[in-house]
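Peer 1: Numbered by the numbering used here, the letters in the first sequence go through residues 631 to 771 in order. Built from N, CA and C at the ideal position, the CB exists for glycine as well. One structure, pasted below without further comment.
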Amino acid sequence: MAYWLMKSEPNVNSYDDVVARGVPEEWHSVRNYTARNNMKAMQLGDEAFFYHSNIGKEIVGIIKVVALAHPDSTAEPNENGKIVWECVDVLPVKKLPKPVTLETIKRTPELADMALVRLSRLSVSPVTDAEWKLICKMGGL
DNA sequence: GCCAACGTTGGC
DNA sequence: GCCAACGTTGGC
Numbered sequence: 631m632a633y634w635l636m637k638s639e640p641n642v643n644s645y646d647d648v649v650a651r652g653v654p655e656e657w658h659s660v661r662n663y664t665a666r667n668n669m670k671a672m673q674l675g676d677e678a679f680f681y682h683s684n685i686g687k688e689i690v691g692i693i694k695v696v697a698l699a700h701p702d703s704t705a706e707p708n709e710n711g712k713i714v715w716e717c718v719d720v721l722p723v724k725k726l727p728k729p730v731t732l733e734t735i736k737r738t739p740e741l742a743d744m745a746l747v748r749l750s751r752l753s754v755s756p757v758t759d760a761e762w763k764l765i766c767k768m769g770g771l
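This is the structure in structure tokens:
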């Protein structure tokens, strides 16, 4: 069981939007190979932090992987007729009672080296067990 | 709105 | 295969 962090712009798809729909949904529109590869490495039941980029800049909840990587329904085939972009399907698990902000993460020595901080443009990144546990605790879980 | 970081593209 | 130019992401 591995842990991840997935970014979304809350004005496009917020955690509350996902909860309100209440059905599994594709984590579509990722167009970066590293992020895609991270999704291909995900297993059923893996959990991920849901991070609001641009607005809020904080981890607001937890989602889980309910379908392994499959072709992204929003992707166009390339010149060889292949769809290279894939995504997993996710469901919300629970909201963090206290969102953990990027600022807090940067100020916390144990978290300052997270992929979220080091690779700020990567929209799907790995989270270590230690980072996961600490953020859950800081988030009030 | 600016800019740093980084990925992609295309000329050579 | 290198590198300059350009585009995008996302924090500030």
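1. Specify whether the stretch 710-727 and the stretch 687-698 touch according to this definition: at least 3 beta carbon pairs, one from each stretch, less than 8 Å apart.
2. Candidates 765, 672, 691 and 703: which alpha carbon is nearest residue 661's?
3. Tell me which residue opens and which closes the alpha helix (DSSP H) that residue 670 is part of.
4. Taking contact to mean at least 3 C-beta pairs separated by less than 8 Å, is the stretch 662-673 in contact with the stretch 744-762?
5. Between residue 766 and residue 631, what straight-line distance do the alpha-carbon atoms span, to the nearest angstrom?
6. Quick check on the burial criterion: 16 or more other C-beta atoms within 10 angstroms. Buried or exposed for residue 677?
7. Given this structure, state the Cα-to-Cα distance separating residue 681 from residue 636, to the nearest angstrom.
8. Exposed or buried, which one is residue 723 when buried takes at least 16 other CB atoms within 10 Å?
9. Rounded C-beta distance between residue 688 and residue 730? I'm assuming under 8 Å.
10. Only counting the same chain, and skipping five residues up and downstream in sequence, which positions put a Cβ closer than 8 Å to that of residue 685?
11. Is the Cβ-Cβ distance between residue 740 and residue 764 less than 9 Å?
12. Kindly indicate which residue of 744, 771, 725 and 746 has the alpha-carbon position closest to the one of residue 647.
Peer 2: Let me lay it out:
1. yes
2. 703
3. 663-670
4. yes
5. 16 Å
6. buried
7. 6 Å
8. exposed
9. 6 Å
10. 639, 640 and 641
11. yes
12. 725
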